[in-house]
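**Student:** Handing you this structure, nothing more for now.
Number of protein chains: 2
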Amino acid sequence: MNTDLILSNICKYISLNNEEKNHFLSLLEEEHIVRNKFILRQGELCNHINFVNEGILRAYYLNPDGKEATVMFAVKDWWITDMYCFLNGLPAMVNIQVVESCEILKLSKENLDKLYDHIPQFNKFFRILMQNAYCREQLRIIQNLSLPAIDRYDQFVQKYPQIANKITLKQTATYLGITPEFLSSIRGKKD
Amino acid sequence: MNTDLILSNICKYISLNNEEKNHFLSLLEEEHIVRNKFILRQGELCNHINFVNEGILRAYYLNPDGKEATVMFAVKDWWITDMYCFLNGLPAMVNIQVVESCEILKLSKENLDKLYDHIPQFNKFFRILMQNAYCREQLRIIQNLSLPAIDRYDQFVQKYPQIANKITLKQTATYLGITPEFLSSIRGKKD
DNA sequence: TTGATTTCTTAATATACCTTATTTTTTTTA
DNA sequence: TAAAAAAAATAAGGTATATTAAGAAATCAA
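Same order as they appear, the protein sequences are chains A and B. All the letters of the first sequence, read from the start, carry residue numbers 2 to 192 under our numbering. All the letters of the second sequence, read from the start, carry residue numbers 2 to 192 under our numbering.
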């Protein structure tokens, strides 16, 4: 199991001794999933939070009339899950799909709760993780409310070039909240 | 200082002994502010996180052409700040305005950091606070991306009736990301 | 390599939402 | 209580974005 990345991700914010590192690593499961498979589907119980060692994933909500809304992407060194349903043991509201074949490290809710008991420092780690996630989402809301589509597109490409280059037009459009046709026309006008 | 509400807010998630409670309370400053005043303005350093004992506040971003985007409201028993700027010691991106005269308890960044050192349990408390905030924002994004204005309005009224009843048309509209005129016409059609 | 499928582009028409302006209603102030 | 100010309603015309549909380009399967 490739553990360097996740350990350095965690040790950015907290310090662990070797025993703690090993205990933490013992709670993880590695999984490899190929493109277009799903690691979570709407309605299934969401039991894991996932760290991305390699590849790209996308979380999206599919509404009753078949329209998609992309909630987030995750690349190497990011965490992804349906947070609300993970925390509350509820059926997932979103699908998480593999955009580019990936290796993930999965941590179950059960093991996470054990981890908090065993190494309380992880409360600090996840506090910071949640702070960052919250601030990102808040900024996205401000932009969704105050910028037209073309500016949101520019911001997205500028902020996440490594994602923007690897996803389809349609995936980009559903992240921005516009149709693929309209995004195509925006791109066309930019030459 | 009225401390019942904030203590019960915290003790929903962690248990404190009397000494810890007193230490925590000693770090707070009480403030009363009347309607239409600001507790934070764009560009000022954002040094405090604020707990609402009474009243209503609104955080909004004012963009360069004078358009407002309401980021959040806070009522009794909620916390409010410009989280990103508070955490990073940066000039605020948003204004926080008093919608209904309020009593708040302010905790400075400096004191919060002391608190984490002194009572590490507060990492758990703020972890949970940030989790809830993140999940709320994520749900809001899904709704902004997938619902037309009229449905977002219905959801808002249904989810936050205590807020929706007390704020102006314009404040509601800038939360939903539409113009007051358009919200007015939505309301008109609902009779 | 070829056909089959998916993705992207283009364009015409349609609609949700915006802008501006005016009037009416409500709230604030004196 | 009246006057002034602010907020809300209404309406006409405009724009950003959606919808539908068709063809072009890219990707995939065999």
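Heads up, the beta-carbon is just placed ideally off N, CA and C, and yes, glycines get one too. Since the model is a prediction, treat every value here as computed from it, not as a measurement.
Does the beta carbon of D157 (chain B) come closer than 7 Å to any beta carbon on chain A?
**Tutor:** Going by the sequence as given, residue 157 (chain B) is Phe instead of Asp. Not closer than 7 Å to any Cβ of chain A, the Cβ of F157 (chain B) fails to qualify, so no.
**Student:** Under the three-state reduction of DSSP, which class applies to R59 (chain B): helix, strand or coil?
**Tutor:** Note: R59 (chain B) maps to strand in three-state DSSP.
**Student:** Could you list which residues in chain A have their beta carbon closer than 8 Å to that of S109 (chain B), in chain order?
**Tutor:** Those within 8 Å of S109 (chain B) in chain A number zero; the least Cβ separation is about 17 Å.
**Student:** Which one of B:A165, B:N18, B:R128 and B:C103 has the shortest CA to CA distance from E31 (chain B)?
**Tutor:** Looking at the Cα atoms, B:C103 is the closest of the given residues.
**Student:** Over the uninterrupted alpha helix (DSSP H) stretch that includes V95 (chain A), give me the two end residues.
**Tutor:** First-last for V95 (chain A): undefined, no H or E at that position.
**Student:** In chain order, what are the residue ranges of uninterrupted alpha helix (DSSP H) at least 4 long that sit wholly in the stretch 101 to 169 of chain B?
**Tutor:** Taking only runs of at least 4 residues, the alpha helix (DSSP H) segments lying wholly in the stretch 101 to 169 of chain B are 110 to 119, 122 to 147, 150 to 160 and 162 to 165.
**Student:** Could you tell me whether the Cβ atoms of N51 (chain B) and I15 (chain B) are closer together than 7 Å?
**Tutor:** No.
**Student:** Going by the CB atoms, is the gap between L28 (chain B) and T4 (chain B) shorter than 7 Å?
**Tutor:** Taking 7 Å as the Cβ cut-off, T4 (chain B) and L28 (chain B) do not qualify as a contacting pair.
**Student:** Would a check of beta-carbon distances place S185 (chain B) closer than 7 Å to chain A?
**Tutor:** No, S185 (chain B) lies away from the interface with chain A (no Cβ there is under 7 Å from its Cβ).
**Student:** Any Cβ of chain B within less than 7 Å of the Cβ of F127 (chain A)?
**Tutor:** It does; some Cβ of chain B falls within 7 Å.
**Student:** If you reduce the DSSP assignment to three classes, tell me which class N37 (chain A) lands in.
**Tutor:** Of the three classes helix, strand and coil, the one that applies to N37 (chain A) here is coil, per DSSP.
**Student:** Closer than 6 Å: is that where the CB of C136 (chain A) sits relative to any heavy atom of the ligand COA?
**Tutor:** This structure simply doesn't include the ligand COA, nor any ligand for that matter.
**Student:** For chain B, check one thing: does any of its Cβ atoms lie closer than 7 Å to the Cβ of Y135 (chain A)?
**Tutor:** At least one chain B Cβ lies under 7 Å of Y135 (chain A).
**Student:** Is the stretch 160 to 168 of chain A touching the stretch 160 to 177 of chain B in the sense that three or more CB pairs, one from each, lie closer than 8 Å?
**Tutor:** Because the criterion of three Cβ pairs below 8 Å is not met, the stretch 160 to 177 of chain B and the stretch 160 to 168 of chain A do not touch.
**Student:** Keeping to the same chain, check which residues put their C-beta closer than 8 Å to that of Q156 (chain B); ignore five residues upstream and five downstream.
**Tutor:** For Q156 (chain B), where only same-chain residues beyond five positions count, the Cβ hits under 8 Å are Q144 and L148.
**Student:** Please check if any C-beta of chain A sits within less than 7 Å of the C-beta of A70 (chain B).
**Tutor:** Output row for A70 (chain B): interface = yes.
**Student:** If I measure Cβ to Cβ from N158 (chain A) and keep anything under 7 Å in the same chain, skipping five residues before and after, which residues do I get?
**Tutor:** For the sequence presented, residue 158 (chain A) should be read as Val rather than Asn. Hits under 7 Å: A165.
**Student:** Beta-carbon of E138 (chain B) versus every beta-carbon of chain A: anything under 7 Å?
**Tutor:** Yes, its Cβ sits closer than 7 Å to a Cβ of chain A.
**Student:** Could you tell me the alpha carbon to alpha carbon distance between S9 (chain A) and A75 (chain A), rounded to whole angstroms?
**Tutor:** Roughly 17 Å separates the two Cα atoms.
**Student:** Return the first residue and the last residue of the alpha helix (DSSP H) that E69 (chain B) is part of.
**Tutor:** Not the alpha helix (DSSP H): E69 (chain B) falls in the beta strand (DSSP E), residues E69 to V76.
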